[in-house]
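Residue 1 is where the sequence shown starts when you use the UniProt record's numbering, and the numbers rise one by one after that.
Quick reminder that beta carbons are idealized off the backbone N, C-alpha and C, glycines included.
Computed from a prediction, not measured in an experiment: that's the story for all the values here.
Notes follow the structure.
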Amino acid sequence: MMEPILTVKSLDSTTLTVEFNLRNGVSHYIIRVENSNGFFREVAASSSPAEIESLVPYTEYSLSIMAVNTAGRSQPSIPVTGKTVLAPPQLASSSTSNSSIVLSWDPVAHAVQYTVSICKLDSNTSMGVYNTSNTSLTFSGLDAGSLYVITCFAWDLEGRKGDSSNIKQATRKQALRQFVAGLLVSWEPDQEVYGPIEYNVMSDLNLMCKTTSSSCTLSVVGCGEVHTIQVTASNEAGPSYPSSPSLALVESSEGNCTLTWKTVAHADSYMALIETAGSSVETCNTTSNNCTFHCPCGQTYLLSVLAFNHAGSSPQGQVLNYTTLVCCPEDVSVSAVSTDTLDIRWMPSRGAVLYETRAAHSSEVILCNDTAPVCVLSGLSCDTAYSVVVIPCNDVSGCNLACKAHTKDTAPCMPNNVMLNPKNSSCVTVSWTANNRAANYTVSANGDDDKHICSTNKSSCDITDLSCGSTYEVSVEATSTAGPSLPSYSEFLETEPCCPVNLTVDQVTQAITNVSWSHAKGARLFIATLTSSRGHARCHTQDSHCLMGCITCSTNYTVTMEAISHNGRRSNCTYQGFSSSPCCQSGVKLYSTSSNSLRVYWRSTGSNHSSIAEMVGRNSNYNCTAAPGDNSCDFGSVQCGDVYHVVVAPLTQEGSKVQFYCKKKMHAFFSKYASISSPSVIYRGKRSVD
Numbered sequence: 001m002m003e004p005i006l007t008v009k010s011l012d013s014t015t016l017t018v019e020f021n022l023r024n025g026v027s028h029y030i031i032r033v034e035n036s037n038g039f040f041r042e043v044a045a046s047s048s049p050a051e052i053e054s055l056v057p058y059t060e061y062s063l064s065i066m067a068v069n070t071a072g073r074s075q076p077s078i079p080v081t082g083k084t085v086l087a088p089p090q091l092a093s094s095s096t097s098n099s100s101i102v103l104s105w106d107p108v109a110h111a112v113q114y115t116v117s118i119c120k121l122d123s124n125t126s127m128g129v130y131n132t133s134n135t136s137l138t139f140s141g142l143d144a145g146s147l148y149v150i151t152c153f154a155w156d157l158e159g160r161k162g163d164s165s166n167i168k169q170a171t172r173k174q175a176l177r178q179f180v181a182g183l184l185v186s187w188e189p190d191q192e193v194y195g196p197i198e199y200n201v202m203s204d205l206n207l208m209c210k211t212t213s214s215s216c217t218l219s220v221v222g223c224g225e226v227h228t229i230q231v232t233a234s235n236e237a238g239p240s241y242p243s244s245p246s247l248a249l250v251e252s253s254e255g256n257c258t259l260t261w262k263t264v265a266h267a268d269s270y271m272a273l274i275e276t277a278g279s280s281v282e283t284c285n286t287t288s289n290n291c292t293f294h295c296p297c298g299q300t301y302l303l304s305v306l307a308f309n310h311a312g313s314s315p316q317g318q319v320l321n322y323t324t325l326v327c328c329p330e331d332v333s334v335s336a337v338s339t340d341t342l343d344i345r346w347m348p349s350r351g352a353v354l355y356e357t358r359a360a361h362s363s364e365v366i367l368c369n370d371t372a373p374v375c376v377l378s379g380l381s382c383d384t385a386y387s388v389v390v391i392p393c394n395d396v397s398g399c400n401l402a403c404k405a406h407t408k409d410t411a412p413c414m415p416n417n418v419m420l421n422p423k424n425s426s427c428v429t430v431s432w433t434a435n436n437r438a439a440n441y442t443v444s445a446n447g448d449d450d451k452h453i454c455s456t457n458k459s460s461c462d463i464t465d466l467s468c469g470s471t472y473e474v475s476v477e478a479t480s481t482a483g484p485s486l487p488s489y490s491e492f493l494e495t496e497p498c499c500p501v502n503l504t505v506d507q508v509t510q511a512i513t514n515v516s517w518s519h520a521k522g523a524r525l526f527i528a529t530l531t532s533s534r535g536h537a538r539c540h541t542q543d544s545h546c547l548m549g550c551i552t553c554s555t556n557y558t559v560t561m562e563a564i565s566h567n568g569r570r571s572n573c574t575y576q577g578f579s580s581s582p583c584c585q586s587g588v589k590l591y592s593t594s595s596n597s598l599r600v601y602w603r604s605t606g607s608n609h610s611s612i613a614e615m616v617g618r619n620s621n622y623n624c625t626a627a628p629g630d631n632s633c634d635f636g637s638v639q640c641g642d643v644y645h646v647v648v649a650p651l652t653q654e655g656s657k658v659q660f661y662c663k664k665k666m667h668a669f670f671s672k673y674a675s676i677s678s679p680s681v682i683y684r685g686k687r688s689v690d
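Following this line, the structure appears as structure tokens:
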């Protein structure tokens with residue numbers, strides 16, 4: 001026999017590591033693995049430690065080891081136990097903004113707590129370790145556009161760490177600013193200047209570049225910026241005066257633009273030339289250094305200025321290329337296409353090459369960038385008012401941030417925690433948790449053959465007139481002006497079984513009855529009961545009939561039934577009472593009263609029923625009737641020399657015989673001189689020769 005296994009450790013949720021002492025002369029070892037659920041496996045191992053794979057998470061196993069050589073196997077060692085750890089959580093993640101990540105996972109069976117850690121990829125520093133009993137976690141304060149590694153594992157009741165899993169998730173990128181790669185500035189150098197020349201180019205927005213050639217690039221330049229640029233030339237003698245500044249344009253409110261310039265000496269007036277992309281030219285004459293003109297959104301202008309005096313006009317100066325802000329979209333429509341999704345559409349706006357659509361609520365912002373005039377924003381919170389704005393952009397003038405916002409509500413949140421509280425056999429109170437601001441609720445109960453609804457603006461309502469013997473699927477849906485919510489998870493309600501419509505009690509014998517009944521919807525078991533002051537009888541059956549004994553004759557019984565469903569719901573049913581038949585007479589005796597007559601006597605019962613006596617022979621039959629209270633009657637003209645069966649039975653109130661047979665007695669009739677008593681009569685008179 002091998003020595004017991006030294007140690008058993010859980011390598012992960014499906015693998016156990018086994019350590020054991022090695023023995024000489026052994027070719028290999030066999031590890032036997034069993035559990036209480038009937039699992040059995042034998043694994044070959046050549047050395048220690050050995051791994052047992054493909055096991056079930058969080059399961060206890062019994063392990064023993066056997067040594068194997070040419071002579072065969074040894075006896076198994078004394079078993080030891082080992083237990084696998086919890087399974088790894090199945091993770092799902094998403095980035096809801098450029099600084100946060102939402103992590104969720106399915107509950108791990110037998111887990112009591114979870115530990116989650118997060119670190120930035122390519123960084124050895126953990127950004128946080130969190131312990132939680134929930135199945136979701138939000139990480140905030142993260143870097144935009146960065147990739148993170150998130151690890152999660154569960155703890156069991158014994159305080160053991162479970163198998164871990166990890167997931168990579170990137171945060172959303174920052175909203176992109178639009179830039180122009182650079183602004184090229186060029187000039188005509190003076191060829192007569194002696195020696196090497198260095199040019200210094202400077203913008204009033206603090207951009208500069210230096211060069212010895214005739215051009216230089218200012219970078220990086222933001223879209224839609226207006227720069228005043230000066231160029232200074234330097235040689236060994238020092239710097240020159242700065243060049244004249246370029247034209248400047250100021251865009252004022254309400255679609256008006258003001259063109260400004262530096263005045264020049266000896267000028268009496270100025271003419272501004274304003275040319276649109278369609279080649280139409282507008283002029284503006286002024287004696288000042290500015291000119292205001294109408295500049296609608298999304299237009300591109302070529303602007304220049306001429307100076308005038310009495311000698312004529314100056315040459316055309318610098319031409320300024322300017323594009324106004326993109327037009328705000330018109331006919332913006334925001335509609336809900338599902339409980340967490342908004343569909344936004346608009347007419348294309350002049351000058352736009354890109355649209356940024358934002359839906360904002362509190363600190364939550366959902367973005368969508370597209371070149372098409374349509375956007376679908378999903379993953380929104382239910383029952384929330386979002387401010388939706390469409391921002392048009394282009395590469396020249398940038399983005400127009402002054403467009404009007406539109407407010408849109410998302411659909412109500414799904415009702416949860418639905419509870420059913422039956423009030424009676426046909427009515428149930430349905431309640432739920434309602435977290436919506438203002439919503440109406442509709443409760444639907446769909447049954448086998450019918451459907452019932454109730455509506456309310458509260459968190460409960462009653463569904464009435466439910467059918468017996470039915471199973472209903474009950475769900476709740478919220479509605480508001482934003483539309484319907486998702487229906488709640490369904491709860492199932494089984495109503496009490498129906499009572500049989502028809503129930504019949506038939507007497508089989510004086511002490512036995514047969515109770516039968518019609519089909520009862522929803523009923524699986526029946527308990528029928530006959531109850532009287534003299535006792536009761538009961539039967540328990542799945543059939544639609546049963547026999548009941550110990551019935552007392554001449555007794556009134558109350559008839560009740562209990563119908564029971566598959567799930568144990570019960571209905572108590574009451575029916576018209578049942579009266580058992582009159583009692584059979586006892587102590588029956590026969591006496592001879594004349595040559596061919598017999599009198600039958602019986603013990604007086606005090607019954608108010610008439611009685612009938614029947615005497616049946618091989619060749620002839622006789623009967624006589626006794627009034628209520630009498631205990632005898634006579635048979636006349638009886639044929640002698642025959643054997644008769646005599647039965648005395650009560651008559652019903654309607655005058656008919658009971659449906660069962662009272663006890664028969666056999667009598668032989670021979671002589672009119674002998675006294676006749678039960679069970680036979682001897683009569684020695686003349687026999688008829690007719």
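Item	Value
Starting from K451, follow the beta strand (DSSP E) in both directions and report where the run begins and ends.	451–456
So, is R437 buried or exposed, given that buried needs 16 or more other C-beta atoms within 10 angstroms?	exposed
Using DSSP with H/G/I as helix, E/B as strand and the rest coil, what is R538?	strand
Nearest CA to the CA of N143: which residue from E188, S95, Y114?	Asn is not the amino acid found at residue 143; the sequence shown has Asp there. For the residues E188, S95, Y114, the minimum Cα distance to D143 belongs to S95.
From I527 to W432, what does the alpha carbon distance come to, in whole angstroms?	37 Å
Sort K664, S594, N631 by Cα distance to E614 and report the nearest one.	K664
For the beta strand (DSSP E) containing I31, list its first residue and its last residue.	28–34
Please go through the same chain and pick out, in chain order, the residues whose beta-carbon is closer than 6 Å to the beta-carbon of residue 691, but skip the five residues on each side of it.	Since the displayed the chain opens at 1 and closes at 690, residue 691 lies outside it and no answer follows.
Given 8 Å as the limit, is there contact between the stretch 476–496 and the stretch 566–575, that is, 3 or more CB pairs closer than that?	yes
I need the DSSP call for C119, collapsed to helix, strand or coil.	strand
Output needed for S483: all residues of its chain with C-beta closer than 7 Å, excluding positions within five of it in sequence on either side, in chain order.	Going by the sequence as given, residue 483 is Gly instead of Ser. Here the set comprises A336, A411.
Could you give the DSSP three-state label for S252: helix, strand or coil?	Residue placement at S252 is flagged as unreliable, the pLDDT there being 48, under the threshold of 50; a coordinate-derived value is accordingly withheld.
Run through DSSP, which three-state label would V102 get?	strand
Rounded to the nearest angstrom, how far is the Cβ of D370 from that of Y355, given a contact under 8 Å?	6 Å
Taking V389 as the reference, which of D383, M419, D343, T429 has the closest Cα?	D343
Looking at D462 and C454, is the spacing between their C-beta atoms short of 8 Å?	yes
Could you tell me the alpha carbon to alpha carbon distance between T407 and L183, rounded to whole angstroms?	40 Å
For the beta strand (DSSP E) that W261 lies in, which residues bound it at each end?	Looking at the DSSP string, W261 is not in any beta strand (DSSP E), and its letter there is neither H nor E.
How would you call S363, buried or exposed, if buried means at least 16 neighbouring beta carbons within 10 angstroms?	exposed
Once the 5 residues before and after S518 are set aside, which same chain residues still bring their CB inside 6 Å of it?	P500, V501, N502
What number of angstroms, rounded off, separates the C-alpha of I101 from the C-alpha of G141?	9 Å
For the beta strand (DSSP E) that P650 lies in, which residues bound it at each end?	642–650
Report all residues from its chain with a CB closer than 8 Å to the CB of S581; omit the five preceding and five following residues, and keep chain order.	Q507, Q510, C553, S554, P650, T652, V658, Q659, F660
Find out if the Cβ-Cβ distance for the pair A111, D156 is shorter than 8 Å.	yes
In its own chain, which residues sit with a C-beta less than 6 Å from the C-beta of T574, not counting the 5 before and 5 after it?	T560
Taking DSSP's pairing of strands, which residues face E275 in a bridge?	V281, L302
Look at the Cβ atom of T504, then the Cβ atom of S490, and state whether they are nearer than 8 Å.	no
Given this structure, state the Cα-to-Cα distance separating R32 from S46, to the nearest angstrom.	14 Å
My understanding is that V638 touches V600, with C-beta atoms under 8 Å, so please give their C-beta distance in whole angstroms.	At roughly 11 Å, the Cβ-Cβ gap does not stay under 8 Å, so V638 and V600 are not in contact.
What does a CB cutoff of less than 6 Å around L55 pick up in its chain, not counting 5 residues either side in sequence?	T14, T84
What did DSSP end up calling C550 once you bin it into helix, strand or coil?	coil
Give every residue of the same chain whose Cβ lies closer than 8 Å to the Cβ of S532, excluding the five residues on either side of it in the sequence, and list them in chain order.	T552, T555, N556, Y557, T558
Beta-carbon within less than 7 Å of I612's beta-carbon, same chain only, minus the 5 sequence neighbours each way: which residues are those?	N623, T625, A649, L651, K657
Using 8 Å as the threshold, is the C-beta distance between P89 and Y61 below it?	no
Whole angstroms is fine: what's the gap from K686's alpha carbon to S595's?	A caution first: K686 carries a pLDDT of 31, below 50, which makes its placement in the model unreliable, though a value can still be read off. One C-alpha to the other measures close to 9 Å.
If we require 3 or more residues per run, which beta strand (DSSP E) segments fall completely within the stretch 407–467?	416–424, 427–433, 440–446, 451–456, 460–463
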